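Trainee: Okay, handing you the structure first.
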Amino acid sequence: MLRILSVAAALSIAALPVSAGGSKQYHAQKSQVDVPVWSYAARANYCPGGLQPVTSGGAISCGAPNQSVTYQKVKAHGHGYRVRRAYNCPPGQKGC
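Structure representation (structure tokens):
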């Protein structure tokens, strides 16, 4: 048991410089994918001046949206209309 713990500790210590250097390099590069930041429809705005409630990936935070509509509006289901048959029967004709 002690041997397994010592091996795990050695591997985690050996991985520290790699993860630290990799994170700096990752943050230096610009993202190739534009993440959609949706405006969030809320009654009250508790965000600092110039910011508004936004949602991205299910998390609500303060920021500036890069989409023109709200996420709720995009995901809303359309109103279903009931199909009605149009009858074209002259008065007095049988079978209509």
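Take the sequence shown: its letters are residues -20 to -1, 1 to 76, numbered as in mature numbering (1 follows the signal peptide of the UniProt record, and there is no 0).
Here a beta-carbon is modelled for each residue, glycine too, at the ideal position from N, C-alpha and C.
This structure is a prediction, so every number in the text was calculated from the model and none was measured.
Would you check if the region 55 to 66 and the region 26 to 34 touch, i.e. whether three or more CB-CB distances between them fall below 8 Å?
Mentor: Taking 8 Å as the limit for Cβ pairs, the verdict is that the region 55 to 66 does not touch the region 26 to 34.
Trainee: Who does Pro45 pair with in a DSSP beta bridge?
Mentor: For the purposes of this step, residue 45 is taken as residue 65 along the sequence shown, with counting starting at 1. DSSP lists no partner for Pro45.
Trainee: Tell me, please, which residues DSSP counts as bridged to residue 77.
Mentor: Here the chain covers residues -20 to 76 and nothing more, so residue 77 does not appear.
Trainee: Taking only the alpha-carbon atoms, compute the straight-line gap between Ile40 and Gly58 and give it to the nearest angstrom.
Mentor: On the sequence shown, position 60 is the one that residue 40 refers to. On the sequence shown, position 78 is the one that residue 58 refers to. Cα to Cα, Ile40 sits roughly 25 Å from Gly58.
Trainee: Output the distance between the C-alpha atoms of Tyr20 and Asp14, rounded to the nearest integer angstrom.
Mentor: Along the sequence shown, read from residue 1 onward, the residue named residue 20 stands at position 40. Along the sequence shown, read from residue 1 onward, the residue named residue 14 stands at position 34. If you take the alpha carbons of Tyr20 and Asp14, they lie about 18 Å apart.
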